[in-house]
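**Q** My questions will all concern the structure given below.
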Amino acid sequence: MSEPRTVLVTGGNRGIGRTIAEEFLAQGDKVAVTSRNGQAPEGALAVAADVTDSESIDRAFTEIEEKLGPVEVVVANAGITADNLLMRMNDDEFESVINTNLTGAFRTVKRGITGMIRAKKGRIVLISSVSGLYGVPGQANYSASKAGLVGFARSITREVGSRGITANVVAPGFIRTDMTDELSEKQQKEYLSTIPAKRFAEPAEVAKVVRWMASDEAAYISGAVIPVDGGLGMGH
Ligand code: NDP
Numbered sequence: 001m002s003e004p005r006t007v008l009v010t011g012g013n014r015g016i017g018r019t020i021a022e023e024f025l026a027q028g029d030k031v032a033v034t035s036r037n038g039q040a041p042e043g044a045l046a047v048a049a050d051v052t053d054s055e056s057i058d059r060a061f062t063e064i065e066e067k068l069g070p071v072e073v074v075v076a077n078a079g080i081t082a083d084n085l086l087m088r089m090n091d092d093e094f095e096s097v098i099n100t101n102l103t104g105a106f107r108t109v110k111r112g113i114t115g116m117i118r119a120k121k122g123r124i125v126l127i128s129s130v131s132g133l134y135g136v137p138g139q140a141n142y143s144a145s146k147a148g149l150v151g152f153a154r155s156i157t158r159e160v161g162s163r164g165i166t167a168n169v170v171a172p173g174f175i176r177t178d179m180t181d182e183l184s185e186k187q188q189k190e191y192l193s194t195i196p197a198k199r200f201a202e203p204a205e206v207a208k209v210v211r212w213m214a215s216d217e218a219a220y221i222s223g224a225v226i227p228v229d230g231g232l233g234m235g236h
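Sequential numbering of the sequence shown, starting at 1, is according to UniProt numbering.
What follows is the structure, given as structure tokens:
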């Protein structure tokens, strides 16, 4: 097994982020988890941080660097939804989702990239969504934020690809978490009928892909969008 690295997972206190954190812990990495409530799975360093606040992210990185060493892997996972049809969507619903999902990833990666450039190695994994490139009615804000991550990863790749750093996007489909439990039974049935795999996925199915994208084996993959969606978004 490779040397333990320091891994940061934003929004790692529950859902997909928590499972990603557990996956890295299981392979022996040092894992820090941020969220607004500051909880984390056992074995991870729990740090309270809000991705909508650059100073809060800076403080979190400083604490993680002091306690666990330079951050080599950043998984930008924190995300929210505020679904509404475009005609009814207000500015706050649009801006808050962009601010958390897209600008939050920018703030996190920007703070982390200096250390990666210094170390001449790093892995950035951005958790997008099938919604980003497929489009979903009622999710103009969310889809825009998740599609934005693709351009973000690709620009990072062109800026720092020569420094041993990769930046990739993982685009999950329908994964069982608090976020999707909020959908009505009718909505869940409709989604299921469109998924070629005819099932929803468990968070671990995303986490294992993220762990691999951050591994040495994936060193020559950058700027890619990796779907984990049972075939839902084919053609991305
Ligand atoms: P959850 O709602 O279960 O978890 C969201 C996480 O984001 C929580 O840890 C939450 O922590 C954190 N978070 C939200 N806002 C902030 C903030 N301002 N600052 C810091 N942390 C924040 O969601 P999922 O696990 O379902 O989703 C995780 C990611 O995967 C998201 O980016 C989501 O868009 C994406 N995704 C999910 C899919 C699914 O089917 N579930 C499908 C496709 C993509 P706290 O509230 O404590 O701050």
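We put the beta carbon where it would ideally sit given N, CA and C, even for glycine.
Could you tell me which residues DSSP pairs with S35 in its beta bridges?
**A** Paired residue(s): A48.
**Q** Over the uninterrupted alpha helix (DSSP H) stretch that includes T166, give me the two end residues.
**A** Unbroken run through T166 is the beta strand (DSSP E), I165 to P172; no alpha helix (DSSP H).
**Q** Would the region 188–205 count as touching the region 227–234 if we require 3 or more Cβ pairs under 8 angstroms?
**A** Enough Cβ pairs lie closer than 8 angstroms, so yes.
**Q** Which residue wins for smallest C-alpha separation from K67, given the options K146, V31, L25 and F200?
**A** Nearest option by C-alpha distance: V31.
**Q** Would the beta-carbon of R83 be found less than 7 angstroms away from any heavy atom of the ligand NDP?
**A** Rather than Arg, the amino acid found at residue 83 in this sequence is Asp. Checking every heavy atom of the ligand NDP against the Cβ of D83, none is found closer than 7 angstroms.
**Q** Can you say whether E23 is buried or exposed, counting buried as having 16 or more other CB atoms within 10 angstroms of its CB?
**A** The residue in question, E23, is buried, as its Cβ has 16 or more Cβ neighbours within 10 Å.
**Q** Hey, R176 and E202: beta-carbon distance below 8 angstroms or not?
**A** Yes.
**Q** When the Cα atoms are used, what is the spatial distance from I117 to D178?
**A** Cα-Cα distance, rounded: 36 angstroms.
**Q** The ligand NDP and E92: does the residue's C-beta get closer than 7 angstroms to at least one heavy atom of that ligand?
**A** According to the sequence provided, residue 92 is Asp. The question's Glu does not apply to it. Answer for D92: no, Cβ out of range of the ligand NDP.
**Q** Can you give me the Cβ contacts of I226 inside the same chain, cut-off strictly under 8 angstroms, excluding the 5 residues immediately before and after it?
**A** Counting only Cβ-Cβ distances below 8 angstroms, and skipping sequence neighbours, we find N168, V169, V170, A171, V209 and M213.
**Q** I need the straight-line Cα distance from T103 to T52, nearest angstrom please.
**A** Going by the C-alpha atoms only, they are around 7 angstroms apart.
**Q** Is T100 helix, strand or coil by DSSP?
**A** If DSSP states are grouped into helix, strand and coil, T100 belongs with the helices.
**Q** According to DSSP, which residues form a beta bridge with G12?
**A** Note: G12 sits in no beta bridge, so no partner.
**Q** Just curious, the alpha helix (DSSP H) that L183 is in, first and last residue?
**A** Unbroken run through L183: none, as it is neither H nor E.
**Q** With a floor of 3 residues, list each beta strand (DSSP E) that falls wholly inside the region 117–157, ordered by position along the chain.
**A** DSSP runs (the beta strand (DSSP E)) wholly in the region 117–157: 122–127.
**Q** Short of 6 angstroms in beta carbon distance, which residues of its chain neighbour S54, apart from the five on each side in sequence? Order them along the chain.
**A** Within the same chain, S54 has close Cβ partners R107.
**Q** Decide yes or no for the touch test of the region 146–154 against the region 113–127: beta carbon pairs closer than 8 angstroms, at least 3 of them.
**A** Yes, since at least three Cβ pairs between the region 146–154 and the region 113–127 fall closer than 8 angstroms, the two stretches touch.
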